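Asks:
Laid out in structure tokens, this is it:
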């Protein structure tokens, strides 16, 4: 298939080498090569490449530019917190180490264009220069003139330069109000299941046959393909689970050809890994060390999310409970829960139409400070003085992000809060102070 | 309503000098000119920014002289503290009660402590004070509604009952039947208790005495006199809570149609109001004076505590400005100190920091941001441990100093070993400003200083409905007005402010024409028709935010009637 690729400007061996390193991406690569043309030819000013995560955008571009030995600069826009850094990186990799010293301390776009012009006259290149901007969606958050300027940089600096933008976001979201020079759009489609199989099977284990590894990949994809098509994630999972897969072979229980037994052995483990490793509950190192080596049962280690227990002071617990009640109970029902002579009010009596859906589905509602304190005083079974300590604990709960302050414009007069903890969390806390939470919640009546 | 009620309820602790200060409130209005004059005469030689500052730099000779004294005076402080520690340590006790950490499980201990607090008349945290019925306290004060009719008044009446028993006694009346009994083990004996209770109530009716039903362990304590449903309850916390829920139970809120417009003179100007209020005699001036001078005894203690690394915080009813001023005059005159008026509507963190760095540390030049400036002040003060700076903040909870960033910066300053902070608070929710982290930085000692002085200067900057406003709007009232507007209206106003700031250097700038403004608002998706914009502008004009002027060509020009520096501060605050 690599033989299809032919291009006038480059040697055949180089092209051959490139194509070996780019499996399943030959259509895109040949398209790019066609766009780039021969090294001396003037290329298109800007190319915009988009595709999902892990579809080989950066990889294809980098391999092409590196193997064909073209002058290029790669900049990740995440790293560039200021435009000065971006300009510096471009100049450094295009014109050598002493070029960046020409830039002033906080350079503007016109500074960059001027210096670029100056340098390109001195070292006029015979080949097209390439500037690759990775994660280009972040350019939109920088200065407004930056993206339009990069799109027509060829015109501004009067040099044979092509800007390649890589992004996961479609071009429509990039367009500015005032319009700009439209780049060439290129789409990198997702890998299909067969392509994933082909790419993953390439990195086989040296001590086992490629067929065995291919069979393993087949099983892995069978479990994980429905939830994950990310090549990097799948590769990570494959590396993590292969040692478990070949365990029966090492013990001599199963022969290499007996795929069915191997499958029976690994399948429950993969299912378990779907719940733990893939959600990063248990780190990969933990998984390898504890579960594989010590033969422990997977799932015995408590993951990150199981540690949802926080030690709080006594009154803070009640404040949090009161905040939860205030957030998830409608204010009209307060009389029913916290008043002694509320009479016989049934749930159906004050059920309004929009409240038929559970309050827990709609999320927490904001409540004022005095309602929080009123509920607090009525749920605590002893007298509490409204001391500074109680108020400070409310603020501390906000700092700990167990409560949220809503609308930051009014800090003292009538502040509003929301409760930011889950039902499980508050149930645990109410159990420690032996408070029957469910009895007070409107949704569970 | 809730807040005002709690104010009285919280601060009406002192029984001996309890005064109704509400009805005799005298307000003096100080205009911008007066305020400026006031600042100038205090500033003496320092001019310029909006902080009222008072920096006295000691001369070298004085400094060395005082260092010799330092040892002596410190000894003196300790003596002072030692002698009157026992007799009157109300404030320290108050501080302790504010920060008591109660044990978790033994709730009766807590109840006891609460009732103990309630019985001591001088504490501020009381919620069951029994004031003198003959005193003037009852009228005009909201608390009087929920006060007991005082039959058989005993001080112990309140509750010295252990918590368990009290709970059981009040269980049928205080708790609804849907209310959960907290410990499940109790549920079995609950009914039995109930019957027990009924029997006892009968007994109570017969002899009106306070014999406990179980003579075993509870015999030591007196039970409350009676708890029948018809008798009004004492104003305890539970009833306050119930009142809150009763008041907020219905979604219907009745508003009165008796507006200010129905008065003959809907809006007085400052002079008229001043004339009307003039000549009102001040009641209880001698008692207030006595109370005021009693606080003077603590000055030496405060000074010692400041030296020991604490910050002093004053709270209580009445203006504490005069007290702090006397403290400054009597003890801080020879020291380097800075007075910050937190109630001043245009004060900002930047102006405080500039006063510190430029006047006290004598640093020339500018800083890029407040964080840099703070860094500079911190390092400079750490390098010179002999330089002691006193920071006096009237109203540290003032509207402009409430923000988290400002309090953080002040906390960092207060945590320096050679910067000493004295401050006062007035807002009922003031402790909400600080969380545990900030509290540890400030290291407060809470002193209760009930002064009953009028908030003359503090309230002079607030805009009241009764009074016509004069002059340009200050920053806090600007933000206050804008806060109540919609997001779009704020956007419209911000657009105008930004345009005015762009043209601040242009002396011939006459304002933005309406057509131009409409165009800009449309581009920003803020209005859909010029009618909407006109409505919005009318609202701005009502709040005196903008002025319109007809130009020579008959076109309307719009101007923001606020100073440029205030506008810049406003935009900075908006960005936060």
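Residue numbers (the UniProt record's numbering), protein chains in the order written: chain A, 1 to 445; chain B, 1 to 576. Just so you know, even glycine gets a beta-carbon here, dropped at the ideal spot from N, CA and C. Since we're looking at a predicted model, the values are computed, not measured.
Pick helix, strand or coil for residue 263 of chain A, following the three-state DSSP scheme.
Replies: In the structure shown, residue 263 of chain A sits in a helix (DSSP, three-state: H, G or I).
Asks: Output the distance between the C-alpha atoms of residue 104 of chain A and residue 118 of chain A, rounded to the nearest integer angstrom.
Replies: 15 Å
Asks: Between the alpha carbons of residue 102 of chain A and residue 114 of chain A, how many angstroms are there, rounded?
Replies: C-alpha separation (whole angstroms): 10 Å.
Asks: Looking only at C-alpha atoms, which of A:368, A:325, A:378 sits nearest to residue 360 of chain A?
Replies: By alpha-carbon distance to residue 360 of chain A, the top candidate from A:368, A:325, A:378 is A:325.
Asks: Is the beta carbon of residue 174 of chain A closer than 9 Å to that of residue 147 of chain A?
Replies: yes
Asks: Can you confirm whether residue 415 of chain A, when its beta carbon is compared against all beta carbons of chain B, has any partner nearer than 9 Å?
Replies: yes
Asks: Looking only at its own chain, which residues have a Cβ that is under 6 Å from the Cβ of residue 23 of chain A, when we skip the five neighbours before and after it?
Replies: 199
Asks: Helix, strand or coil: how does DSSP classify residue 434 of chain B here?
Replies: coil
Asks: List, in chain order, every chain B residue whose beta-carbon is nearer than 9 Å to that of residue 322 of chain A.
Replies: Simply none; closest approach about 11 Å.
Asks: Since residue 300 of chain B is in the alpha helix (DSSP H), which residue starts that stretch and which ends it?
Replies: 299-307
Asks: Is the beta carbon of residue 134 of chain A less than 9 Å from the beta carbon of residue 166 of chain A?
Replies: Closer than 9 Å, so yes.
Asks: Nearer than 8 Å: is that true of the beta carbon of residue 312 of chain A relative to any heavy atom of the ligand FMN?
Replies: No copy of the ligand FMN occurs in the structure displayed, which carries no ligand at all.
Asks: Buried or exposed: which applies to residue 359 of chain B, given that a residue is buried once 16 or more other Cβ atoms fall within 10 Å of its Cβ?
Replies: buried
Asks: State the Cα-Cα distance for the pair residue 70 of chain A and residue 250 of chain A, rounded to the nearest angstrom.
Replies: 48 Å
Asks: Checking 9 Å against the spacing of the C-beta atoms, do residue 213 of chain A and residue 201 of chain A come in under that value?
Replies: yes
Asks: If the criterion is Cβ atoms closer than 9 Å, does the pair residue 353 of chain B and residue 373 of chain B meet it?
Replies: Taking C-beta atoms as the reference points, residue 353 of chain B and residue 373 of chain B count as a pair closer than 9 Å.
Asks: For residue 447 of chain B and residue 329 of chain B, which I take to be in contact (beta-carbon distance under 8 Å), what is that distance rounded to the nearest angstrom?
Replies: With 8 Å as the limit, residue 447 of chain B and residue 329 of chain B do not qualify as a contact, their Cβ atoms being about 18 Å apart.
Asks: Helix, strand or coil for residue 387 of chain A, going by three-state DSSP, please let me know.
Replies: coil
Asks: Sort A:365, A:164, A:184, A:412 by Cα distance to residue 400 of chain B and report the nearest one.
Replies: Minimum Cα distance to residue 400 of chain B is reached at A:412.
Asks: Three or more C-beta pairs under 8 Å: does that hold for the segment 396-409 of chain A against the segment 316-332 of chain A?
Replies: yes
Asks: Quick one, which residues of the segment 377-391 of chain A are near chain B if we go by CB-CB under 9 Å, in chain order?
Replies: 377, 378, 380, 381, 382, 383, 384, 385, 386, 387, 388, 389, 390, 391
Asks: When we look at the beta-carbon of residue 317 of chain A and count the other beta-carbons within 10 Å, is it buried (16 or more) or exposed?
Replies: buried
Asks: Which complete alpha helix (DSSP H) runs does the segment 349-427 of chain B hold, if anything under 4 residues is left out?
Replies: 349-354, 370-383, 404-414
Asks: In angstroms, rounded to a whole number, what distance separates the CA positions of residue 393 of chain B and residue 573 of chain B?
Replies: Taking the straight line joining both Cα atoms gives about 21 Å.
Asks: What residue range is occupied by the uninterrupted alpha helix (DSSP H) comprising residue 194 of chain A?
Replies: 193-202
Asks: For residue 533 of chain B versus residue 521 of chain B, is the C-beta spacing smaller than 9 Å?
Replies: yes
Asks: Tell me the start and end of each unbroken beta strand (DSSP E) in the segment 357-427 of chain A that is at least 3 residues and wholly inside, in chain order.
Replies: 403-406, 416-419
Asks: Going by beta-carbon coordinates alone, are residue 420 of chain A and residue 370 of chain A separated by less than 9 Å?
Replies: Cβ distance not < 9 Å, so residue 420 of chain A and residue 370 of chain A don't count as in contact.
Asks: What does residue 441 of chain B reach in chain A if we use C-beta pairs closer than 9 Å?
Replies: Result: empty, since nearest Cβ-Cβ is about 13 Å, beyond 9 Å.
Asks: With a threshold of 9 Å between beta-carbons, can residue 420 of chain A be considered close to chain B, or not?
Replies: no
Asks: Going by other Cβ atoms of all chains shown within 10 Å of its Cβ, with 16 needed for buried, is residue 429 of chain A buried or exposed?
Replies: buried
Asks: Would the beta-carbon of residue 529 of chain B fall within 9 Å of that of residue 556 of chain B?
Replies: No, these two residues do not count as a Cβ contact at 9 Å.
Asks: Nearest by alpha-carbon distance to residue 169 of chain A: which of A:159, A:281, A:185 is it?
Replies: A:185
Asks: For the segment 415-435 of chain B against the segment 315-324 of chain B, are there 3 or more C-beta pairs whose distance is under 8 Å?
Replies: yes
Asks: Runs of 4 residues minimum, wholly inside the segment 113-190 of chain A: which ones carry the alpha helix (DSSP H) assignment?
Replies: For the segment 113-190 of chain A, whole alpha helix (DSSP H) runs of length 4 or above, ordered along the chain, are 146-151, 153-157.
Asks: So, helix, strand or coil for residue 322 of chain A, using DSSP?
Replies: helix
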